[in-house]
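Worksheet: the structure to be examined is printed underneath.
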Amino acid sequence: MDKKLMLAVAGAGKTTYIINKVCTEYRKVLVITYTDANYNNIIFKLREQNDEVIPDGIIVYKYFTFLYRFCYKPLQKIICNSMIRFVAPIMMFVLFLQSTGILH
69 MDKKLMLAVA GAGKTTYIIN KVCTEYRKVL VITYTDANYN NIIFKLREQN
119 DEVIPDGIIV YKYFTFLYRF CYKPLQKIIC NSMIRFVAPI MMFVLFLQST
169 GILH
């Protein structure tokens with residue numbers, strides 16, 4: 069199972085499959101999950117199955133942590149040096165209110 073992506077609906081058994089099959093058969097596993105609850109569930113089950121430790125080679129990230137560490141952080145200097153700026157949602161809202169004349 070080299071470079072496999074698993075997508076399935078809630079309750080399909082993704083976590084069980086990851087814990088029982090993937091993490092026992094492969095030495096290097098990267099698990100990326102979207103919700104805090106699922107992240108905590110995977111960590112709990114991994115520790116439960118492995119004497120309270122996460123085995124070496126198994127890495128579990130929350131979605132936005134993964135994006136930050138492997139997408140944004142490596143490109144941070146390029147983004148900042150090229151004068152690309154990200155506008156926070158609140159600032160976008162303020163600009164919208166100003167453009168409509170509601171806020172002066």
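Heads up, the sequence shown stops at 172 in this note's numbering, and the numbers go up one at a time, no gaps.
In this text, a Cβ means the ideal position worked out from N, Cα and C, and glycines have one as well.
Where residue i falls, given that 16 or more other Cβ within 10 Å makes a residue buried
i    : result
I127 : exposed
V99  : buried
C91  : buried
L75  : exposed
L163 : exposed
Test item: CB-CB of residue i and residue j under 9 Å
i    : j    : result
V97  : I86  : yes
Y129 : T101 : yes
K113 : T83  : yes
Spatial distance of residue i from residue j (CA atoms)
i    : j    : result
L143 : E116 : 37 Å
C139 : N106 : 22 Å
D124 : T168 : 55 Å
E120 : R95  : 18 Å
L73  : Q166 : 44 Å
T103 : N109 : 10 Å
Residue range of the unbroken alpha helix (DSSP H) whose run includes residue i
i    : result
K113 : 104-117
L73  : Segment: none, L73 is in no alpha helix (DSSP H) and carries neither H nor E.
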